[in-house]
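Take a look at the structure set out below.
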Amino acid sequence: MTDTKECVLNSIKTRRSIREYQDRKISDEIIKEIIDAGIHAPNGLNFQPWFFAVVRNRDILNQISDFSKPLLLQMLEGSTQEQAQKYMNKLKDKNYDIFHNAPVLIIVFGEEKDDMSYYGCSMCALNMMLAAHSMGIGSCWIGGAAPLQQNRELMQKLKVPEGYRVIAPVVFGYPEKIPNFPGRDDPSVVWIN
């Protein structure tokens, strides 16, 4: 039991958002394992509200990135935060890929009619990211890809059924570089006994 605990806690504490990937393919079998880990996430009333699109097609990845960048710039307009300014500069570069040239994008879509699908699909995505990490595969949640929901043509290319919304666009690949731990502040906690 202790080994399991240590293994789980280690995976949680050592997982990083990877933004530099090797030019190396992830097998279909591993992608299926990652998705299988995802569907074991908790979800309201076991509705299993998810639909997955696995995107390897570089042209489609570029289309999503190119569509999203101006919308992200518009969203960040007026922000004075240093991190936002740095990201805006990247977004203005026509060669910048919001997916960091990762070989695979898995988008977790949730049912629109299920108000709780956002939570279940988010936990599903985290399970996928932790499972990938345990296999030596890096990941990064790319919230900046969410605007693709507004592009009917791209949604059709991804074969998304009617009634689903983008919840978690996550890229996967073998890490080229693993960033240092950025640190965490002590949490605010209230104990009610």
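Each residue of the sequence shown is one higher than the one before, starting from -7 at the first, in this note's numbering. Just so you know, even glycine gets a beta-carbon here, dropped at the ideal spot from N, CA and C. Keep in mind it's a predicted model, so treat the numbers as computed, not measured.
Presumed contact (8 Å Cβ cut-off) between residue i and residue j, rounded CB distance
i: N93; j: A33; result: With 8 Å as the limit, N93 and A33 do not qualify as a contact, their Cβ atoms being about 28 Å apart.
i: C116; j: I10; result: Actually they do not touch by this definition, with Cβ atoms about 19 Å apart.
i: F101; j: A45; result: 7 Å
i: E168; j: Y13; result: 6 Å
Same chain, Cβ closer than 8 Å to residue i, five either side skipped, listed in chain order
i: I18; result: P95, V96, I129, F164, G165, Y166
Residue i versus residue j - alpha carbon distance
i: D85; j: K(-3); result: 44 Å
i: Q141; j: N81; result: 24 Å
i: V158; j: V181; result: 32 Å
i: T72; j: L150; result: 35 Å
i: N55; j: L83; result: Position check: residue 55 holds Gln in this sequence, whereas Asn was assumed. The alpha-carbon atoms of Q55 and L83 are separated by roughly 14 Å.
i: C113; j: A160; result: 7 Å
i: E154; j: N143; result: 13 Å
i: K5; j: C(-1); result: 10 Å
i: G175; j: R7; result: 13 Å
i: Y88; j: N185; result: 51 Å
i: D15; j: L65; result: 28 Å
i: N49; j: D28; result: 22 Å
i: E25; j: P62; result: 34 Å
Local Cβ density within 10 Å of residue i, reported as buried at 16 or more and exposed below that
i: D42; result: First, the residue type needs correcting, since residue 42 is Trp and not Asp in the sequence shown. So W42 ends up on the buried side.
i: D106; result: buried
i: S60; result: buried
i: L53; result: buried
i: M67; result: exposed
i: G36; result: exposed
CB contact below 7 Å: residue i versus chain B
i: W183; result: Checking the listed chains, one finds no chain B in this structure; it contains a single protein chain.
Close beta carbons around residue i, own chain, < 7 Å, minus the five adjacent residues each side
i: S3; result: L122, H125, S126
i: E103; result: P41, S109, G155, Y156
Close beta carbons around residue i, own chain, < 6 Å, minus the five adjacent residues each side
i: V162; result: I98, A117, S131, W133
i: F173; result: none
i: I170; result: R8
The ligand PLP heavy atom lying under 6 Å from the CB of residue i
i: I31; result: Among the components of this structure there are no ligands whatsoever, and the ligand PLP is therefore not found.
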